[in-house]
Structure formats: structure tokens, C-alpha cells
Amino acid sequence: MAVVTLAVVVGGYVAIKMMAGQSQQKLDGFLQTGQSCFDTRDFACALDNAGLALQQDSNDPRALSLLQRAQAAQVRQQQLQDAAQKQQLLKAQSAEAARQADALREQQALERQRQEAADRQVRDQQQQQAAKAVNASLQQAQNALNAGEYQSAIAVARVVLGMDPNNSRARNIIRQAEQQLKEALNRTRIE
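In C-alpha cells form, the structure reads like this:
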């Protein structure tokens, strides 16, 4: 019976050693895979393999170290991703603000151009009306001069000079009217 007991004990010891060897191989495989994942920055994979290794041996310092390093690296990676996303968002917002500012400047430039065109059109119309008024007054002054209404011709020609101080035709009418008026006065005195 002692031999049987010894055989059972030795068999059990061998079985435990074999199981321990298989367990150690699994543990080493998980750790090796986990470290490879960590090295390629696949931290979720590293965490999974560290967890599987800890299921084999919950006190293995290599598995605990891999777990802690992978968790810390995953947090850093997430922080970097968050910062990059925030940077992209800020960049997009800045680009949108610049686009809106450009659109506003373009709109303002178009509005200024429209206003300048409208102002130019008003000025042109006013100049045309002023030119018509000057021409009509000049014609009226000429008609008065031709009709012998010298005072009226002078008065209307002076109105034209008020609108157009350099109008030579108005000056001419005034000069002619004054000369004719003088001649008429001289004739009246002679008679």
C-alpha cells in the first residue's frame, strides 16, 4: 500500500508540475503578447493580455506591471486624442470664423460699391439737371438780350454764374447786355 500511495503522490506531483508548466507557458504567452501589443501602442490588447495573465497568476509582478503601464499609457493616449480633437475643433472654428469674416468683408465691399454707384448716379443726374437748368437759363438770358430786355438778360446771366461761376457764355451775355444797355442809355440822352 505504501508503494501505491507513493505512486499516487509521485503521479500527483508530476501532474501538478505538468499543469504548472502549462500554466507558466500560458502566462508567459499572455505576457509576451501583451508586451508586443504595448510596444505597438495597442493598449486595449495589452490590457486584455495582462488581465488573462493575471487570471493565471494574480500576483505575477510582470502581469501587474504590464497592466499598470498599459492603463497609464491608455490614459495618456486618450488625453492626446482629446487634445488633438480639441485642436481640430478650434482649427475648424477658426477657419469658419475667418470664412465668415471674409464673407462679411466681401458683402461690405459689394455694399460700398453699390452705394458708390448709386451716389455716382445721383451726382450724374444732379449734374445733368444742373446743366439743363444752366442751358435753359442761358437760353432765357439770350432771348431777353435779343428782345432788348437787357436788365432781365443780366439778371438771368448772373443766376447762371451763381450755378456755374466759370460760364463764359453767361459772362458774354452780361457784357453784351451791359454794352447794349449803355448804348440805349446814350441814345436816350442824345434824343
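In this text, residue positions in the sequence shown follow our numbering: the first is 14, and each later residue adds one.
We treat Cβ as the ideally placed atom computed from N, Cα and C, and that holds for glycine.
Rounding to the nearest angstrom, what Cα-Cα distance links residue i and residue j in this structure?
i	j	result
A144	A157	20 Å
A205	C58	This structure does not reach residue 205, given that the chain is present from 14 up to 204, and the question cannot be answered.
D95	S49	25 Å
S36	L77	17 Å
N180	K195	23 Å
R202	D132	56 Å
A146	P178	14 Å
Q113	A97	24 Å
L93	E129	53 Å
Nearest CA to the CA of residue i: which residue from the options?
i	options	result
A166	Q155, L174, M176 and D115	Q155
A197	Q81, Q92 and G161	G161
Q164	Q192, Q142, A146 and P178	Q192
A66	A85, D41 and Q87	D41
Terminal residues of the continuous alpha helix (DSSP H) containing residue i?
i	result
R125	P74 to N159
Using a Cβ-Cβ cut-off of 6 Å (strictly less than) and excluding sequence neighbours within five positions of residue i, which residues of its own chain qualify?
i	result
Q153	V169
D70	L40
So with Cβ pairs under 9 Å, would you call residue i a contact of chain C?
i	result
R75	Of the protein chains in this structure there is only one, and it is not chain C.
Under 7 Å Cβ to Cβ from residue i, same chain only, skipping five residues before and after it: list those, please.
i	result
V172	S150
Cutting at 8 Å between CB atoms, please list the residues of its own chain near residue i, excluding the five before and the five after it.
i	result
Q90	R54 and F56
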